[in-house]
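*Asks:*
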Amino acid sequence: MKIKNFRQGEWGKIRAFFTLITNEGLEIKGMKLVEGSKGFFVSAPQEKKEVNGSTEYYDTVWIPKEIREPLNELASNEYANPSSDMPKSEPRQASLTEDDIPF
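Below, the structure written as structure tokens:
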């Protein structure tokens, strides 16, 4: 497994977005590194669905248990020691001010 396009930043509990490349060459976009109460973990890409007026999120990729721990370690290591060829994203602002509006 390899990580491609690792974008660090702070979006709530999300610390990074990245693309995962499997040993077979399959690219999975939309992976997330999340900071939880017990440390970092990888979250699969999700799809938003509205069911009976409530919004729910469903994983679009299932990560087997035997792959999850090495993947968590790989992404955590990339976060701690970012490669020089992967750009760092700026954190999003929570709200706009008058200075942010271009007109």
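Residue 474 in my numbering sits at position 58 of the sequence shown, with consecutive numbering throughout. The C-beta atom is built at its ideal place from N, Cα and C for all residues, glycine as well. Only a predicted model underlies this, so the values are computations on that prediction, with no experimental measurement involved.
What first and last residue would you give for the beta strand (DSSP E) that runs through Lys420?
*Replies:* Counted from its first residue, the sequence shown places residue 420 at position 4. Element bounds for Lys420: 418-427.
*Asks:* Ignoring anything shorter than 4 residues, give me the alpha helix (DSSP H) runs that lie fully in the stretch 457-507, in order along the chain.
*Replies:* Runs of the alpha helix (DSSP H) inside the stretch 457-507: 481-496.
*Asks:* Look up Leu436 in the DSSP assignment and give the residues it is bridged to.
*Replies:* Within the sequence shown, numbered from 1, the residue matching residue 436 stands at position 20. Leu436 is bridged to Ile419, Ile444.
*Asks:* Looking only at its chain, what residues have a beta carbon closer than 6 Å to the beta carbon of Glu463, apart from the 5 residues adjacent to it on each side?
*Replies:* Along the sequence shown, read from residue 1 onward, the residue named residue 463 stands at position 47. Counting only Cβ-Cβ distances below 6 Å, and skipping sequence neighbours, we find Tyr474, Thr476.
*Asks:* Please list, in chain order, all residues of the same chain as Asn488 whose beta carbon is under 8 Å from its beta carbon, the five residues on each side excluded.
*Replies:* Residue 488 sits at position 72 when you count from the first residue of the sequence shown. For Asn488, where only same-chain residues beyond five positions count, the Cβ hits under 8 Å are Phe456, Phe457, Val458.
*Asks:* Could you pull out every residue in the same chain whose Cβ sits closer than 8 Å to the Cβ of Ala432, ignoring the five residues on either side in sequence?
*Replies:* Mapped onto the sequence shown, residue 432 falls at position 16. Result list for Ala432: Phe422, Arg423, Gln424, Gly425, Lys448, Leu449, Ala491, Glu494, Tyr495, in chain order.
*Asks:* Tell me the rounded alpha-carbon separation between Asn468 and Ile444.
*Replies:* The count along the sequence shown starts at 1 and reaches residue 468 at position 52. The count along the sequence shown starts at 1 and reaches residue 444 at position 28. So the alpha carbons of these two residues sit roughly 30 Å apart.
*Asks:* Taking only the alpha-carbon atoms, compute the straight-line gap between Glu485 and Ile479 and give it to the nearest angstrom.
*Replies:* As a working mapping, residue 485 is identified with position 69 in the sequence shown. As a working mapping, residue 479 is identified with position 63 in the sequence shown. When rounded, the distance between both Cα atoms is 10 Å.
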